[in-house]
Amino acid sequence: MSAAAPGAATARDRVAPRDRVGRADWPALADELDAYGCALTPRILAPAQCRAVAGLYDETERFRSTVDMARHRFGSGRYRYFGHPLPDVVRELREAFYPRLLPIARDWAAKLGRPAPWPDSLGDWLEMCHEAGQTRPTPILLRYGTDDWNALHRDLYGDLVFPLQVVVGLDEQGADYTGGEFLLVEQRPRAQSRGTATVLRQGHGLIFTTRDRPVRSARGWSASPVRHGVSAIRSGTRHTLGLVFHDAA
14 MSAAAPGAAT ARDRVAPRDR VGRADWPALA DELDAYGCAL TPRILAPAQC
64 RAVAGLYDET ERFRSTVDMA RHRFGSGRYR YFGHPLPDVV RELREAFYPR
114 LLPIARDWAA KLGRPAPWPD SLGDWLEMCH EAGQTRPTPI LLRYGTDDWN
164 ALHRDLYGDL VFPLQVVVGL DEQGADYTGG EFLLVEQRPR AQSRGTATVL
214 RQGHGLIFTT RDRPVRSARG WSASPVRHGV SAIRSGTRHT LGLVFHDAA
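Its first residue numbered 14, the sequence shown is counted upward by one per residue in the working numbering.
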């Protein structure tokens, strides 16, 4: 049997991202989200797919806007919001994740005694966003260089909010960059804030809460506010793909 050429795609590399998402252990991911407010998925993009998505950053015609984080005091670095039409892989990942995240979102809403307005299909949910004036696509491509970082924040964009989102690592920590851990800071009810730092491996997705999550309290369930960010990049370049499931006003 002859060896594959360097960089050649293997059969495993050719598995569709939607199938990789579907094969994840979703009960285990749901348990981890309940415990920590974030959960790391198995690899959902092959290295070649990661490089292809990261390479879209320089195709400026694909994006509706670019944000300079230093200018807005959001941190340092830049990110770009995709315009319509979304690249196939971005659209496919968004559509694959939504129905898997939906039961978790509905469970959290029930625990907090909140409405759960999210329909079964992502298309119907985005139509609701558009009817409410939230018409701008929110998937983003982020690029960080040495000394760049992202301040703690939330990605809300309007009154209609999906409570979970996903970030996908496109470069490999330790090879392409150092530093740059994903940060999640949670304000626990009547307690000090709790921080979680996660190394986002290439091709893996990190699911995390958009705004808050239910935590047990003496009176049942309480909403624990959460913000997220990125620690300083010590060296190299870090690209990530952000998947938000509500559109922006």
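For each residue, glycine too, the CB sits at the ideal point set by N, CA and C.
Model, not experiment: these values are computed from the prediction.
Checklist line | proline 176 - DSSP class collapsed to helix/strand/coil | finding: DSSP places proline 176 in coil when its eight states are reduced to three.
Note to self: On the criterion of 16 or more Cβ atoms from any shown chain inside 10 Å, does threonine 151 qualify as buried, or is it exposed?
What the structure shows: That one is buried.
Next item on the list: Determine, using beta carbons only, whether threonine 253 and leucine 183 come nearer to each other than 7 Å.
Entry: The answer is yes: Cβ separation under 7 Å.
Margin query: Taking the alpha carbon of leucine 197 as the reference point, which residue from Leu213, Arg104, Trp138 and Tyr170 has its own alpha carbon closest?
Written below: Comparing Cα positions, the closest option is Leu213.
Item checked: Cβ-based burial, arginine 33 [other Cβ within 10 Å; buried from 16] -> By the 10 Å Cβ count, arginine 33 comes out buried.
Next item on the list: Determine contact between the segment 209-228 and the segment 38-56, defined as no fewer than three beta-carbon pairs at a distance below 8 Å.
Entry: Yes, they touch.
Notebook entry, point to check: Distance, Cα to Cα, leucine 219 vs alanine 145?
Noted result: Computed Cα separation, rounded: 28 Å.
Notebook entry, point to check: Hey, tyrosine 190 and glycine 249: beta-carbon distance below 7 Å or not?
Noted result: Contact annotation: tyrosine 190 and glycine 249 have beta-carbon atoms nearer than 7 Å.
Item checked: When Ala61, Arg149 and Leu125 are compared against proline 98, the one with the closest alpha-carbon -> Measuring from the Cα of proline 98, the nearest candidate turns out to be Arg149.
Note to self: I'd like to know whether the C-beta atoms of glutamate 194 and valine 239 end up nearer to each other than 7 Å.
What the structure shows: If you check the CB distance, glutamate 194 and valine 239 do not come in under 7 Å.
Note to self: In the DSSP output, which residue or residues are listed as bridge partners for aspartate 32?
What the structure shows: Its beta-bridge partners do not exist; DSSP assigns none.
Margin query: Taking the straight line between their C-alpha atoms, what separation do you get for alanine 18 and glycine 242?
Written below: Because alanine 18 sits at a pLDDT of 38, beneath the cut-off of 50, its placement in the model cannot be relied upon, and the following sentence gives the value as read from the coordinates. A direct Cα-Cα distance of roughly 39 Å separates alanine 18 from glycine 242.
Next item on the list: Kindly list the residues whose CB is nearer than 7 Å to the CB of alanine 52, restricted to its own chain and excluding five residues on each side of it in sequence; keep chain order.
Entry: Excluding positions up to five away in sequence, the list reads Leu42, Glu45, Leu46 and Ile220.
Notebook entry, point to check: At what residues does the alpha helix (DSSP H) containing isoleucine 220 begin and finish?
Noted result: Isoleucine 220 -> not in any alpha helix (DSSP H); beta strand (DSSP E) instead, spanning 217-222.
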